[in-house]
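Each residue of the sequence shown is one higher than the last, beginning at 101 in our numbering. We put the CB at the ideal spot given by N, CA and C, even for glycine.
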Amino acid sequence: MIYVNDRISLSETELRWHFVRASGPGGQNVNKVSSAVELRFDVTHTHRLTAEVKARLRRLAGSRMTSDGILVIQAQRFRSQARNRDDALQRLIDLIQAASISPKARKPTAPSKAAKKRRLEAKKIRATTKQLRGAVREFD
101 MIYVNDRISL
111 SETELRWHFV
121 RASGPGGQNV
131 NKVSSAVELR
141 FDVTHTHRLT
151 AEVKARLRRL
161 AGSRMTSDGI
171 LVIQAQRFRS
181 QARNRDDALQ
191 RLIDLIQAAS
201 ISPKARKPTA
211 PSKAAKKRRL
221 EAKKIRATTK
231 QLRGAVREFD
């Protein structure tokens, strides 16, 4: 059991791990060892997340979410498979934790009378400044 927070936990059976060869530098080791990790988590069919959390997770995941609703996390930061596996799992947990926080409702506010007055005074000063920049007229 993987605990995300006090309300959400994931089962190990819901995670699909694929190990592939990492790209980038690493010498001879990179051609022999499958140290990169690809973690797949089916967001659509899991019963452990609420509909609201799933919707926020889809928005946060962006291009990491497939059209089928499967979240794909790739980890190849480290040279060892175990560290990459831990990194991918931690990134999944962080993403689900971020999605589980509901955004605060916006409370509409109005500017105060003093703020309105300051804004109008600034506009008058600016208008006067611009008006004085005009062409000079001759008086009769």
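By the 16-neighbour rule on beta-carbons within 10 angstroms, Phe141 is buried. For Gly169, the closest of Arg158, Gln176, Arg177 and Ala175 by C-alpha to C-alpha distance is Arg158. When secondary structure is reduced to three states using DSSP, Val137 falls in the strand class. Between the stretch 133-150 and the stretch 106-119, the count of Cβ pairs shorter than 8 angstroms is three or higher; the stretches touch. Secondary structure of Ala210 (DSSP, three-state): coil. In this structure, the alpha-carbon of Ala198 lies about 10 angstroms from that of Val104.
Around the beta carbon of Gln190, fewer than 16 other beta carbons sit within 10 angstroms, so the residue counts as exposed. Cβ contact annotation for Ser202 (same chain, cutoff 6 angstroms, sequence separation greater than five): none. Here the alpha carbons of Leu195 and Arg121 stand approximately 25 angstroms from one another. Excluding residues up to 5 positions away in sequence, Glu138 lie with their Cβ nearer than 6 angstroms to the Cβ of Gln174 in the same chain.
Assignment of Ala198 by DSSP, reduced to helix, strand and coil, places it in the helix class.
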